[in-house]
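Chemist: Got a structure for you, written out below as C-alpha cells; questions coming shortly.
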Amino acid sequence: MKKTIIALSVALASATVPALAQADDGYPEKNIEFIVPYGPGGGSDTFVRSIQPALEDALGGTLVVRNISGGGGAVGYSRAVTSRADGYTVTTPNNANFTLEGLGNVGFSYNDFEYIARVTVMPYVLAVRDNDQWTDFESLKEDLQASGDKLSVGFSGVGSSTHVTSVALGRELGMDFQFIPFDGGSAAVSAAMGGHVDAVVLNPSEIMSAVESGKLTAIVSTGGERSSAMPEVPTMKELGFDMELNQWRGIAAPKGLDPAIEEQWVTAIKEAVQDPQFRQAAKNGGTDIKPLYGDELDAFIKDNAELMIPIAESVKQ
Numbered sequence: 011m012k013k014t015i016i017a018l019s020v021a022l023a024s025a026t027v028p029a030l031a032q033a034d035d036g037y038p039e040k041n042i043e044f045i046v047p048y049g050p051g052g053g054s055d056t057f058v059r060s061i062q063p064a065l066e067d068a069l070g071g072t073l074v075v076r077n078i079s080g081g082g083g084a085v086g087y088s089r090a091v092t093s094r095a096d097g098y099t100v101t102t103p104n105n106a107n108f109t110l111e112g113l114g115n116v117g118f119s120y121n122d123f124e125y126i127a128r129v130t131v132m133p134y135v136l137a138v139r140d141n142d143q144w145t146d147f148e149s150l151k152e153d154l155q156a157s158g159d160k161l162s163v164g165f166s167g168v169g170s171s172t173h174v175t176s177v178a179l180g181r182e183l184g185m186d187f188q189f190i191p192f193d194g195g196s197a198a199v200s201a202a203m204g205g206h207v208d209a210v211v212l213n214p215s216e217i218m219s220a221v222e223s224g225k226l227t228a229i230v231s232t233g234g235e236r237s238s239a240m241p242e243v244p245t246m247k248e249l250g251f252d253m254e255l256n257q258w259r260g261i262a263a264p265k266g267l268d269p270a271i272e273e274q275w276v277t278a279i280k281e282a283v284q285d286p287q288f289r290q291a292a293k294n295g296g297t298d299i300k301p302l303y304g305d306e307l308d309a310f311i312k313d314n315a316e317l318m319i320p321i322a323e324s325v326k327q
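Just so we're on the same page, the working numbering is the position in the sequence shown counted from 1, plus 10.
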C-alpha cells in the first residue's frame, strides 16, 4: 500500500499505476501539492486527508498535503491561485472563497479558480440554548415577537461563512439578531450552553454533541433537504422561506487547467467518493457526499457567490 505523504515529505510514486495515470500526457509525472488553507484538524483538513488515499489510488500518483493557514484561508488560497495551472497544485474550496472576496481581504476573485468538483455538503444550523419556551421555530418567533428582545447569535469569526449565514438567516427569518463572534465553533457552543448567548449558527458537526446532550436545541437548517446528521431538523424551505445555503468542500485548481487533466481529476474523484473508508469518514463528520461537476457545479458556484459576496460586503468592518 502506498504511504500517505504529509506536509513537505517526498516519496517516489508506485511503479505500478492504474490505467488512468497512463494517459498520453503522462500525468501525473510528479507529486501533486494539495494546499489546505487552514491548520491541521479542521473540517477542510479532515476532508482532504480522508479522501487522499482513495484519490492517490485513482490518480496513480502522490498527493502532498500542505497546510498553509492564515487570514481565514486567505494565505493558502492566495498561494494556490498564483501557482502554475499545470495540475500539480490543487486546493480545497469552500464558502470562504466568496466571503474573503466580499470582505476585500484577498487580491483574487472566486473566478480565478478552476472548480473541478464539489464533493461534500453540510448545512448551517440555527441552534438555541436550553430554554423551555424555545422548542421549535414557531415558539422562538412568538416569544421574540412578544418580548421585543434581540436574539444574541454566536458564530465562528468575523467575516466567516457562519457570520455571513447568520446575517442571511436573520434577514430571511425577519428576526433581530445581535451578532457575537467567537474564536472558533467550540467557543461559540460553550457560550451558548453557558447562557452567554441565546443561539449559534454553525455546522452540524460542531453542535451534534451539544444537541444530543440536550444542551442546545436545533431549530432550523439551511440545507436544501434535511441533513443525514440531523434528520429531525426542518429546512428553511420546509418552513416556507426561500433560502438554501450549504457549507461545501471540493477540489479546485488555478484557472487555466488543461481540460484533459481536469477530466482525469473528475474521473478519479468519481472513483474516490465510492471508497468505503471515505464514506464512513464523511458520515462520522456529519457531512453528506453530494458531488457536482461541470455545468451543475458552475451553476452552484455562481449561485453561492451571488448570495454570499454581497452579504460579506455588508458586514465588512
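Note that beta-carbon positions come from the ideal geometry of N, C-alpha and C, so glycine has one too. Note that the structure is a prediction, hence the values are computed from the model and not measured.
Quick one: which unbroken alpha helix (DSSP H) runs of 4-plus residues sit fully inside the segment 197 to 278? Chain order, please.
Modeler: Listed in chain order, the complete alpha helix (DSSP H) runs (minimum 4 residues) inside the segment 197 to 278 are 214 to 222.
Chemist: For M240 versus P214, is the C-beta distance shorter than 8 Å?
Modeler: Cβ atoms of M240 and P214: closer than 8 Å.
Chemist: Leaving out five residues before and five after I271 in sequence, what residues of the same chain have Cβ atoms less than 7 Å from its Cβ?
Modeler: Y37 and G97, listed in sequence order.
Chemist: Taking buried to mean at least 16 other C-beta atoms within 10 Å of its own C-beta, is Q188 buried or exposed?
Modeler: It is exposed - the Cβ of Q188 has fewer than 16 other Cβ atoms within 10 Å.
Chemist: Which residues does DSSP pair with I77 in a beta bridge?
Modeler: It is Asn, not Ile, that sits at residue 77 in the sequence shown. N77 is bridged to V46.
Chemist: Kindly indicate which three-state DSSP category V283 falls into: helix, strand or coil?
Modeler: Residue state, collapsed to three classes: coil.
Chemist: In the segment 85 to 134, which residue ranges form an unbroken beta strand (DSSP E) of at least 3 residues, counting only runs that do not cross its ends?
Modeler: For the segment 85 to 134, whole beta strand (DSSP E) runs of length 3 or above, ordered along the chain, are 99 to 101 and 123 to 133.
Chemist: Taking the CB atoms as reference points, tell me whether T130 and P47 lie closer together than 8 Å.
Modeler: No. Outside cutoff.
Chemist: Excluding the 5 residues flanking V221 on each side, which residues of the same chain have their C-beta closer than 6 Å to its C-beta?
Modeler: Hits under 6 Å: A228.
Chemist: Does S166 come out as helix, strand or coil in the three-state DSSP assignment?
Modeler: It is a strand residue.
Chemist: Could you say which of L110, A64 and I45 lies nearest to F288 if we only look at CA atoms?
Modeler: With distances taken between Cα atoms, F288 lies closest to A64.
Chemist: Within the same chain, show all residues whose beta-carbon is closer than 6 Å to that of F118, passing over the 5 residues directly before and after it, in chain order.
Modeler: Cβ within range, chain order: V91.
Chemist: Using DSSP with H/G/I as helix, E/B as strand and the rest coil, what is Q188?
Modeler: Reduced to three states, the DSSP call for Q188 is strand.
Chemist: Where does V325 fall in DSSP's three states?
Modeler: Reduced to three states, the DSSP call for V325 is coil.
Chemist: If you compare alpha carbons, which of I61, Q143, H173 and G71 is closest to A106?
Modeler: The shortest Cα separation from A106 among I61, Q143, H173 and G71 belongs to H173.
Chemist: I need the straight-line Cα distance from D208 to M246, nearest angstrom please.
Modeler: So the alpha carbons of these two residues sit roughly 19 Å apart.
Chemist: Are the Cβ atoms of G169 and L113 separated by less than 8 Å?
Modeler: It is a contact, given that the beta carbons lie within the stated cut-off.
Chemist: In the DSSP assignment, the alpha helix (DSSP H) including D67 goes from what residue to what residue?
Modeler: Unbroken alpha helix (DSSP H) run through D67: G53 to L69.
Chemist: Quick check: V276 and I78, are their CB atoms within less than 8 Å of each other?
Modeler: No, they are not a contact pair.
Chemist: Just to confirm, are P301 and I279 a CB contact at a threshold of 8 Å?
Modeler: Cβ atoms of P301 and I279: closer than 8 Å.
Chemist: Within its chain, find whatever has a CB closer than 7 Å to the CB of T109; leave out the 5 residues flanking it on each side and keep chain order.
Modeler: Excluding residues within five positions, the ones whose Cβ falls inside 7 Å are G169, S170, S171, V174, M318 and A322.
Chemist: Between the C-alpha atoms of A68 and Q274, what's the straight-line distance to the nearest angstrom?
Modeler: Computed Cα separation, rounded: 9 Å.
Chemist: What is the DSSP secondary structure of K160, counted as helix, strand or coil?
Modeler: Of the three classes helix, strand and coil, the one that applies to K160 here is coil, per DSSP.
Chemist: Taking all protein chains shown into account, decide if Q155 is buried (16 or more other Cβ within 10 angstroms of its Cβ) or exposed.
Modeler: Per the 10 Å Cβ criterion, exposed.
Chemist: For R94, is the classification buried or exposed, using 16 other Cβ atoms within 10 angstroms of its Cβ as the cut-off for buried?
Modeler: Result: exposed.
Chemist: Tell me the DSSP secondary structure of D193 in three-state form.
Modeler: Coil at D193, not helix or strand.
Chemist: Suppose the cutoff is 6 Å on Cβ atoms and the five residues either side in sequence are ignored; what does the same chain contact list for V283 look like?
Modeler: So the qualifying residues of the chain are I299 and P301.
Chemist: Between the Cα of K160 and the Cα atoms of D140, G184 and S166, which residue gives the shortest distance?
Modeler: Nearest C-alpha to K160: G184.
Chemist: Rounded C-beta distance between F192 and A201? I'm assuming under 8 Å.
Modeler: 6 Å between Cβ atoms; contact.
Chemist: Give every residue of the same chain whose Cβ lies closer than 6 Å to the Cβ of P50, excluding the five residues on either side of it in the sequence, and list them in chain order.
Modeler: Closer than 6 Å at the Cβ level, and outside the excluded window around P50, lie N77.
Chemist: For L226 versus V138, is the C-beta distance shorter than 8 Å?
Modeler: Yes. Within cutoff.
Chemist: According to DSSP, is P38 helix, strand or coil?
Modeler: Three-state result, P38: coil.
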